Amino acid sequence: DSLSLSGKYKDYNVILVILDAMRTDHLSCYGYAKETSPNIDQLAKEGIIFTNAFSQSHNTLPGVASIFSSLYPTSHGMEHIFKDKFPPNVYTLAEILNIYGYKTAWFGSLNDPYSGSAVGLLSGFDEKYNLKPDYTDLFSFIKGHNKEQFLMTIHSYSAHELHLFDYKPETDSKKFNALLEDLKKFFIKKWEYMRYACENNTDEFDKIFGIGWSKKHVEYFMQPYSRDNLNKIIALQDSRPKKNSLAYILRVDSIWSFYASMNNEDFLSIISLLDNVIYQLDKNLIGGLIAALKEANINDKTIIIITADHGNAYREHGLIFGHGQFLYDEIIRVPLIFYLPHLNKAVKINSLAQNIDIMPTILDLLGILSPHNVQGICLTGLIDGKPGALVNDYVFAKSLIGSFAIRSKRWKLIRKNINAESIADGDELYDILKDPLEKDNLINIELGMAKILKSELKTKIFSLPVYNKGNSEFIPEIDSESRERIKKTGYW
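In the numbering used here, the protein residues as written are 1074 to 1565.
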């Protein structure tokens, strides 16, 4: 088909699926040895798979804001929870499609400061829903809107390291139960520590939650630990930041302590649990979506995009699990798959792509002009295989601690401080083709290449407009310790 794809999908529905913390190398269509993702694989086989796609951040809030706005974090400025707001003078994908008569719906976690409750992030969505574990709302939305154009965005946390234990795997539950028992010990330990601190060291938590907090809550911690009791005490807190802070202390800290304690065998068990979760997610969410579209008879009128807001570290670069600081490939590389009906061929694209390219590409396929301020490129030329198609020579990412990465297909530079004149000790340079795991820092050996990338990075970042004028303040309920933690890692 020599016709261009631009505008070929006018009035088609769009489903955008963001799989939080999903790495490419645990999906079978990206070459994983286990068959974890048969439904995603099928969409990739009948669509376009980008093998070199990258997020603009290592963290959910800026990552999602970049997908929705086609702006780098430097421009949208939405990086810190309970502080930054989405700039009102920037159109999101949902707002644009809304203007063009699309019904827009978002499914995710409504109370989540990284997504659902972040100020302005969901601008343009007519309807917002908590994503149910059985996904029934999704399917009934499709059924109820099969006669009109819609944009559906789904944000799933299933594969995130803090949520793996929310899902009971369908296989080998003996191993899973053993892991759960080990994890429970860490929750009990933290619970007992809270009781001790509330009795004997009242300052520790009064400093975070306000004078008298320990005295008021000590009796609660006298009760035995249970998941119900933990959830109840979090729910009792009188503000969202306090709920989050307590959840961090009781839940997140416990899970991370557990991960830190793991031996190799436990670690492999966790990885197989992760694969099991991905398999269920693929079967129930992606498989369910495909079935619902077929049942509503609109599977040939719907574009599906699958990506992630960032990747995750599984013991690489000294990180146990997680993604709050670094810009290595395991954390910024993401899956990117476009399923386009009637394409009738599999397209594999190795050119560099960024998550900010998603919005201009969707709009181009629908025959809608992108706003003048988008910073991503439209990928339809690449998909079409046109000579002279737009390409990214580099991709860029920013961390919450202010470091930046620039990456070509071969080289990657990570700069600790973009303002530093000379290449500094903390800077890192990798030859990705020879060293895909980024283990061999060549910063002192390939100085010429480092300088080229340094100046490309600086030129790029300093040329970006800033739409979030005036720095937001943290909301008053947030104590200084939490502010520092959010600034450093984005995590509570």
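No residue lacks a Cβ here, since even glycine has one placed at the ideal position from N, Cα and C.
No experiment lies behind these values; they were computed from the predicted model shown.
Given a threshold of 16 other Cβ atoms within 10 Å of its Cβ, counted over all protein chains shown, does Leu1506 qualify as buried or as exposed? Burial state of Leu1506 is exposed, judged by a 10 Å Cβ sphere holding fewer than 16 other Cβ atoms.
Identify which residue in Gly1283, Ser1190 and Met1295 has its Cα closest to the Cα of Gln1310. Checking every option, the nearest Cα to that of Gln1310 belongs to Gly1283.
Please determine whether the Cβ atom of Gly1395 lies at a distance below 6 Å from any heavy atom of the ligand PLP. The ligand PLP is not among the ligands present in this structure, which contains no ligands whatsoever.
In whole angstroms, what is the alpha-carbon distance linking Gln1398 and Lys1561? Linking Gln1398 to Lys1561 through their CA atoms gives a straight-line distance of about 7 Å.
For a minimum of 3 consecutive residues, which ranges assigned as the beta strand (DSSP E) are wholly contained in the segment 1479-1531? Restricted to the segment 1479-1531, the beta strand (DSSP E) segments that are unbroken, complete and at least 3 residues in length are 1484-1488 and 1501-1504, listed in chain order.
Just mark Ile1465 as buried or exposed, buried being the case when its beta carbon has 16 or more other beta carbons within 10 Å. Note that residue 1465 corresponds to Asn in the displayed sequence, not to Ile. The residue in question, Asn1465, is buried, as its Cβ has 16 or more Cβ neighbours within 10 Å.
Apply the 10 Å Cβ neighbour rule to Met1151 and answer buried if 16 or more other Cβ atoms are within range, or exposed otherwise. Burial call: buried.
Here's the rule: buried if 16 or more other CB atoms are within 10 angstroms of the residue's CB, otherwise exposed. What is Thr1133? Classification for Thr1133: buried.
For Phe1223 versus Tyr1173, is the C-beta distance shorter than 7 Å? Not in contact: Phe1223 and Tyr1173 (Cβ atoms no closer than 7 Å).
Whole angstroms is fine: what's the gap from Glu1168's alpha carbon to His1445's? Here the C-alpha atom of Glu1168 lies approximately 15 Å from the C-alpha atom of His1445.
Ignoring anything shorter than 4 residues, give me the alpha helix (DSSP H) runs that lie fully in the segment 1097-1122, in order along the chain. Taking 4 residues as the minimum length, the alpha helix (DSSP H) runs contained wholly in the segment 1097-1122 are 1111-1118, in order along the chain.
How big is the Cα-Cα spacing for His1383 and Asp1402? Between the alpha carbons of His1383 and Asp1402 lies a distance of about 10 Å.
Compare the Cα-Cα distances from Tyr1164 to each of Trp1286, Gly1193, Asn1184 and Pro1146 and report the closest residue. The shortest C-alpha separation from Tyr1164 is found at Gly1193.
Which first and last residues belong to the beta strand (DSSP E) in which Ser1229 is found? First-last of the beta strand (DSSP E) with Ser1229: Phe1223 to Ser1229.
Based on Cα-Cα distance, which residue from Thr1177, Asn1492, Tyr1230 and Asp1500 lies nearest to Lys1485? When the alpha-carbon of Lys1485 is set against those of Thr1177, Asn1492, Tyr1230 and Asp1500, the nearest one is in Asp1500.
Best match in Leu1520, Thr1226, Lys1262 and Asp1339 for proximity to Leu1362 [C-alpha to C-alpha]: Taking only the C-alpha atoms, the option nearest Leu1362 is Thr1226.
Helix, strand or coil: how does DSSP classify Asp1552 here? In this structure, Asp1552 counts as coil in the three-state DSSP scheme.
From Phe1331, Ala1308 and Pro1460, residue whose alpha carbon lies closest to that of Ala1320: Answer by Cα proximity: Ala1308.
When you compare only the Cα positions, how much space is there between Lys1280 and Ser1188? A direct Cα-Cα distance of roughly 28 Å separates Lys1280 from Ser1188.
Find the nearest neighbour of His1290 within the set Glu1277, Asp1430, Tyr1085 and Ile1306, judged by alpha-carbon distance. Measuring C-alpha to C-alpha distances from His1290 to each of Glu1277, Asp1430, Tyr1085 and Ile1306 identifies Ile1306 as the nearest.
Secondary structure at Phe1212, three-state DSSP: helix, strand or coil? Three-state result, Phe1212: helix.
What is the rounded straight-line gap between the Cα of Arg1480 and the Cα of Tyr1412? Answer to the nearest angstrom: the Cα atoms are 26 Å apart.
Who are the near neighbours of Asp1074 in its chain, counting only those whose CB is closer than 6 Å to its CB and skipping five residues on each side? Low confidence applies here, because Asp1074 scores a pLDDT of 43, under 50, leaving its location unreliable and the question unanswered by this model.
Note down the Cα distance separating Gly1395 from Ser1553, rounded to an integer number of angstroms. In this structure, the CA atom of Gly1395 is about 23 Å from the CA atom of Ser1553.
Take the Cβ of Lys1535 as the centre, count every other Cβ of all protein chains shown within 10 Å, and call the residue buried at 16 or more, exposed below. Sequence inspection shows Phe at residue 1535; the Lys mentioned does not correspond to that position. Burial call: exposed.
Measure how close the beta-carbons of Ser1148 and Gln1448 come, nearest whole angstrom, since I'm counting them as under 8 Å. About 7 Å separates the Cβ atoms of Ser1148 and Gln1448, confirming a contact at the 8 Å cut-off.
Using the C-alpha atoms, what's the distance from Asp1498 back to His1228? For His1228 and Asp1498, the distance between alpha carbons rounds to 38 Å.
Please give me, in chain order, every unbroken run of the alpha helix (DSSP H) with length at least 4 that falls completely inside the segment 1362-1438. Correct list: 1402-1405 and 1431-1438.
Grab the span of the beta strand (DSSP E) containing Lys1201 for me, first residue to last. Residue range Glu1200 to Asn1203 is occupied by the beta strand (DSSP E) that includes Lys1201.
Pick from Leu1354, Arg1096 and Asp1348: whose alpha carbon is nearest that of Gly1124? Checking the displayed sequence, the identity of residue 1124 turns out to be Thr instead of Gly. Considering only alpha carbons, the answer is Arg1096.
For Ile1491 and Ile1154, what's the separation of their Cα atoms in angstroms? So the two alpha carbons sit approximately 23 Å from each other.
Residue interval of the alpha helix (DSSP H) (run including Lys1289): Looking at the DSSP string, the run of the alpha helix (DSSP H) that includes Lys1289 is Trp1286 to Met1295.
Nearest CA to the CA of Asn1357: which residue from Lys1524, Tyr1145 and Ser1231? Among Lys1524, Tyr1145 and Ser1231, the Cα nearest to that of Asn1357 is on Ser1231.
If you measure between the beta carbons of Ala1478 and Ala1470, is that distance less than 7 Å? Yes. Within cutoff.
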